[in-house]
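What follows is a set of notes on a single structure, which appears directly below.
There are 2 protein chains.
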Amino acid sequence: MQSQLTNAVLRAIRRILRATDQRGRKLAAATNLTPSQLLVLQEIERRGETTPGAIAHNLHFGQATVTNIIDRLEAQNFVTRQRNERDKRQILLGITAGGLTAIRMSPDPLQQQFSAGFEDLSTWEQAMILAALERVCDLMGATDIDAAPLLDSGTIDRSPA
Amino acid sequence: MQSQLTNAVLRAIRRILRATDQRGRKLAAATNLTPSQLLVLQEIERRGETTPGAIAHNLHFGQATVTNIIDRLEAQNFVTRQRNERDKRQILLGITAGGLTAIRMSPDPLQQQFSAGFEDLSTWEQAMILAALERVCDLMGATDIDAAPLLDSGTIDRSPA
DNA sequence: TCAGTTATTTCGACTCCCGAAGTATACTGT
DNA sequence: ACAGTATACTTCGGGAGTCGAAATAACTGA
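Protein chains in written order, with numbering that gives the first Met the number 0: chain A, 0 to 160; chain B, 0 to 160.
What follows is the structure, given as structure tokens:
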């Protein structure tokens, strides 16, 4: 049996999830970039010239999904596709000036939504919230997840042999 | 400029979101219930006989979305629809034995991961965590900004160039 | 050269989520 | 009693995400 408190906490977490999701949607409407698209775009920027397969692997998407997303990004002229001359099976992705701008203009939904209010809280309250959240992370076993910027970007090096 | 605390909190939240998302995907895929469906189903169980509207309101979904999800749940015989005799505009939702089993068999990923540890905490700590999370919810909900004004905030995660 | 592997795309199928329009029902003021 | 309005839900249409399976093209090893 679960305590009232446990359930309340779980519900609160879901609400946060939900709020973030909604925010992402609104943002997408405003900036022409959905969260997934932004993720892929950032990945391209981060890795420079890269391939769909590498992105799929890093973000844990299917190849088909990445193709799909890149289709949209390309349609908006945010990325370019170019066959690799060495290995003609591969496609090299490049980010355009427009794509860079798009990244710069697409604020992290979470921050956008959250920061303003948070900074107005008293320091002790901020600290309390942080402590609580970190506790939650521990409990969820989320500590091992790389929290960098939005993605779990880890060190998935594809050793080129 | 963002304080250390703010950034730490954001990181923590992202970790929670990511962890939730990942585990949700995994487990939901294994049990024939998507996260959204499970959410709705749980909501029905929690509230007993309830209506689509109430659920939509509670989970912050659109009515159409809820109808949609309930369609699927009904197709799997997890919920029943029944016109309210008092107010024939309303539909009363009920959960079936199958629905209950489904919930039992696909435990909320969060609960899985989370509950055991959480229940071991002292009551005051549980209460603190809940308070903090609810504060976060408030902060997120409070900002009901629309698209336009957020475009000027490109300097979010980086120092003002 | 031929078979097997690898990289990507295409295709088809779900789901999600939403807004707008539609339908049926209830309520309200006169 | 009866328009007019409000409420509850469904239907419709559409954009996006996600995936698996099959197709295509290209590289690689024997």
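Cβ coordinates follow ideal geometry from the N, Cα and C atoms, glycine included. Fair warning: this is a prediction, and the values are worked out from it, not measured in the lab.
Item: Got a sec: is the Cβ-Cβ distance from A:S114 to anything in chain B below 7 Å?; Value: yes
Item: Along chain B, in chain order, which residues have C-beta atoms closer than 7 Å to that of A:T66?; Value: Within 7 Å Cβ-Cβ: nothing; A:T66 doesn't reach chain B, min ~20 Å.
Item: Is the stretch 113-132 of chain B close to the stretch 131-140 of chain A, with three or more CB pairs under 8 Å?; Value: yes
Item: When Cβ atoms are compared, which residues of the stretch 46-79 of chain A fall closer than 9 Å to chain B?; Value: H59
Item: By alpha-carbon positions, which one of A:E42, A:R88, A:S121, A:K87 ends up nearest to A:I69?; Value: A:E42
Item: Alpha carbon to alpha carbon, how far is A:A74 from A:N31?; Value: 11 Å
Item: Counting only C-beta atoms, is A:I43 closer than 7 Å to chain B at any point?; Value: no
Item: Using only the alpha-carbon positions, how far apart do A:F60 and B:R13 sit?; Value: 19 Å
Item: Using a C-beta cutoff of 7 Å, does A:R14 count as contacting chain B?; Value: yes
Item: Could you say which of A:T64, A:E48, A:L16 lies nearest to B:T9 if we only look at CA atoms?; Value: Inspection of the sequence shows that residue 9 of chain B is occupied by Leu rather than by Thr. With distances taken between Cα atoms, B:L9 lies closest to A:L16.
Item: Count the other CB atoms within 10 Å of the CB of B:Q36; is the residue buried (16 or more) or exposed (fewer)?; Value: buried
Item: To the nearest angstrom, how far is the alpha carbon of B:A101 from that of B:R71?; Value: 14 Å
Item: Using a Cβ cut-off of 7 Å (strictly closer), state whether A:R7 contacts chain B.; Value: With the sequence shown as reference, residue 7 of chain A is identified as Ala, and Arg is not the correct amino acid for it. Chain B, which has a Cβ nearer than 7 Å to the Cβ of A:A7, makes this yes.
Item: Quick one: what's A:L91 bridged to in DSSP?; Value: A:Q81
Item: Hey, does A:L4 have any beta-carbon neighbour from chain B nearer than 7 Å?; Value: yes
Item: Going by DSSP, which residues form a beta bridge with B:T49?; Value: B:L92
Item: Indicate the three-state DSSP secondary structure (helix, strand or coil) for A:L32 in the structure shown.; Value: coil
Item: Is A:I128 close to chain B, meaning its C-beta is less than 7 Å from at least one C-beta of that chain?; Value: yes
Item: Where does B:L129 fall in DSSP's three states?; Value: helix
Item: For chain B, is any of its Cβ atoms less than 7 Å away from the one on A:R17?; Value: yes
Item: Buried or exposed: A:R22, going by 16 or more other Cβ atoms within 10 Å of its Cβ?; Value: buried
Item: Below 8 Å on the Cβ atoms is my guess for A:R80 versus A:I90; work out the distance and round it to an integer in Å.; Value: 5 Å
Item: What do you get for B:A160, buried or exposed, if any count of 16 or more other CB atoms within 10 angstroms of its CB means buried?; Value: Since pLDDT at B:A160 reaches only 18, below the 50 mark, its modelled position is unreliable, and the value read off the structure follows with that caveat. Exposed is the call here.
Item: In whole angstroms, what is the alpha-carbon distance linking B:N76 and B:D86?; Value: 24 Å
Item: What does B:Q125 touch in chain A if you count any residue whose Cβ is under 7 Å from its own?; Value: L4
Item: Looking at the C-beta of A:R88, does it have a partner C-beta in chain B at a distance below 7 Å?; Value: no
Item: Compare the Cα-Cα distances from A:E44 to each of A:A11, A:M139, A:L99, A:T122 and report the closest residue.; Value: A:L99
Item: Taking 8 Å as the limit between beta carbons, can you name the residues of its chain near A:Q3, skipping five residues before and five after?; Value: none
Item: Counting only C-beta atoms, is A:L138 closer than 7 Å to chain B at any point?; Value: yes
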